[in-house]
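K.L.:
Numbering-wise (this note's numbering), the first sequence opens with residue 259 and increments by one.
Sharing a structure, written as structure tokens. Questions coming.
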Amino acid sequence: MVYTFTKEERLNKGDFRGTRWKKGAETSHFLLLVHNNKEGRRKLGITIRKKTGGAVVRNRMRRLVREFYRLNKGLFPDRHDNLLKVKRVPEKLSWAATEKELHELLHVMNTF
RNA sequence: AGGGGUAGGCGGGUGACCGCGGGUCUACGACCCGAGGAAAGUCCGGGCAUCAACGGGCAGGAUGGUCCCUAACGGGGACUGGGGGCAACCUUAAGGAAAGUGCAACAGAAAGUAUACCGCCCCGUCUUGACGGGGCAAGGGUGAAAAGGUGAGGUAAGAGCUCACCAGUCCCGUGGCAACACGGGAGCUCGGCAAACCCCAUCCGAUGCAAGGCCAAAAAGGGGGCUGCCAGAAAUGGCAGCGAGGAUUGCCCAUCCUUUAACCCGGGUAGGCCGCAAGAGGUUCGGGACAACUUGAACCCAUAGAGAAAUGGUCACCGUACCGUCCCGGUCACGGCCGAACGGGAGACAGAACCCGGCUUACAACCUACCCCUUUUU
RNA sequence: UGGGAGAUCGUUCAACGGCAGGACAACGGACUCUGACUCCGUGAAUAGGGGUUCAAAUCCCUUUCUCCCAG
């Protein structure tokens with residue numbers, strides 16, 4: 259297992275347009291959408307609305323999610339675009355709580 | 001000891017492992033660099049870039065005590081006047097109301113070339129407390145504001161009618177670069193609001209890096225007008241005018257460009273490259289200035305740069321204020337206080353997007369300097 | 001990123017610087033056997049802070065929030 263997250267694994271501007279997403283799993287704070295891509299590579303995109311908080315809060319949330327992806331890459335479906343939407347930000351942004359909730363999210367995802 | 005004022009500083013540090021963005025090189029790796037004092041709000045100013053034109057006028061906008069600083073500013077400094085505070089100190093959009101237009105609800109007699117409700121005084125009449133004529137604006141009453149204020153003289157009653165002091169206006173003198181201050185004199189007067197229109201003085205071209213420059217795929221699409229005269233057999237060419245289109249900020253004036261030739265012309269999207277990153281820097285010392293600032297020398301820094309956006313995660317240690325425990329020592333007015341030991345203990349506001357100078361707003365904990373007031377002790 | 005507009009009862013609209021007013025909704029009463037309709041009445045608001053003025057929803061400054069436009 260390689261613990262990296264390079265530019266090629268990111269979803270870019272063009273990847274969002276005209277894509278039909280399928281709902282993967284949902285928890286109180288996160289929503290995972292997946293889409294079978296043609297590149298044969300696992301890719302990740304994170305979206306947070308501006309209403310959820312200021313720039314500092316949104317940056318911190320995004321970094322926590324990306325760190326989780328980097329360390330638990332095998333849990334995400336391969337050869338798919340993964341779009342993780344942050345519905346709202348928890349009161350306290352801690353690594354332990356985020357990790358726990360994302361594990362639940364992917365457990366639901368992989369059982370179906 | 002308590003309370004207050006002013007000016008600042010700082011915005012955790014060290015290490016390990018796993019990662020991210022950019023750059024360089026001997027390139028599957030190594031090395032170096034990688035958020036803030038406000039990066040924020042976008043309220044001002046400047047650099048830079050483009051517009052053939054940074055032409056004129058009107059309109060529009062901004063500023064508003066004086067002098068100075070600055071690249072510039074609506075920023076800063078010092079001083080003057082007004083206001084607040086016992087004081088340290090704070091605060092102030094602070095030009096013009098005899099250039100003009102306007103506004104002042106309600107109340108009140110009257111709200112601006114003053115006026116007379118209750119009143120006061122004189123004269124006349126008669127039914128002796130009313131009516132008529134005249135004088136007055138001191139007192140009452142209304143209002144946010146009532147035509148200088150207080151006291152004395154004066155008078156039929158009164159009034160700057162006269163006098164003293166105070167306030168205001170104008171003139172003169174002295175001091176100051178000036179705003180103004182101080183002193184003297186005159187006549188006694190002619191309110192408030194310009195963050196109402198306005199007048200005066202000073203300043204402002206417009207648009208903004210999604211500016212702008214270069215390269216430019218595929219597919220589609222646009223333009224090459226009309227009249228007159230001349231030349232020519234004709235095709236067509238030349239000149240002039242009109243029109244059309246384009247360019248400039250809201251308007252007007254003046255002005256400019258294009259109107260080619262059967263294949264050219266210009267526009268221009270996706271995408272790519274450039275713009276795109278070492279200076280109006282800081283500290284110390286010396287000179288000038290009350291200061292903002294400026295000047296000379298030395299030293300220190302200063303090279304983040306994406307293009308949907310990089311600085312993260314985990315762990316360990318250090319440790320200030322503070323909190324808790326223990327009971328060891330000291331002190332005691334027996335409430336506590338101080339020192340030591342042990343345990344806990346890093347938290348605020350907040351994320352660069354062309355770059356700087358300010359302003360404004362947000363901000364946990366800690367630290368520094370100076371000053372004022374009150375109380376107690378000596 | 002740049003430019004512009006706005007914030008008034010629970011909702012939607014008014015208000016030359018001079019007592020914040022309607023409509024719908026809510027509540028109470030009358031009418032009715034009961035309800036609807038109708039009539040009468042009641043409560044409730046100028047986004048926060050500061051300034052100018054005798055007096056501010058209105059004028060000025062500042063903060064917060066919302067909406068629209070360009071690309």
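C-beta: ideal position from N, C-alpha, C; glycine also.
As the structure is a prediction and not an experimental result, all values here were calculated from the model.
Indicate whether the contact test is met: 3 or more Cβ pairs, each with one atom in the stretch 351-359 and one in the stretch 314-323, closer than 8 Å.
P.N.:
yes
K.L.:
Hey, out of His287, Ala313, Phe334, whose CA is closest to glutamate 267's CA?
P.N.:
Closest in alpha carbon position to glutamate 267, among His287, Ala313, Phe334, is Phe334.
K.L.:
Under 7 Å between the Cβ atoms of methionine 367 and alanine 283?
P.N.:
yes
K.L.:
Rounded to a whole number of angstroms, what is the C-alpha to C-alpha distance between glycine 332 and lysine 301?
P.N.:
12 Å
K.L.:
Three-state secondary structure (DSSP) at asparagine 368?
P.N.:
helix
K.L.:
Work out the CA separation of histidine 361 and isoleucine 304 for me, nearest whole Å.
P.N.:
Distance between the alpha carbons of isoleucine 304 and histidine 361 is about 17 Å.
K.L.:
What is the C-beta distance between tryptophan 279 and leucine 341, in whole angstroms, given that I count them as a contact (C-beta under 8 Å)?
P.N.:
6 Å
K.L.:
Output the distance between the C-alpha atoms of leucine 269 and tyrosine 261, rounded to the nearest integer angstrom.
P.N.:
It is roughly 18 Å from the alpha-carbon of leucine 269 to the alpha-carbon of tyrosine 261.
K.L.:
Please classify leucine 329 as buried or exposed, where buried requires at least 16 neighbouring CB atoms within 10 angstroms.
P.N.:
exposed
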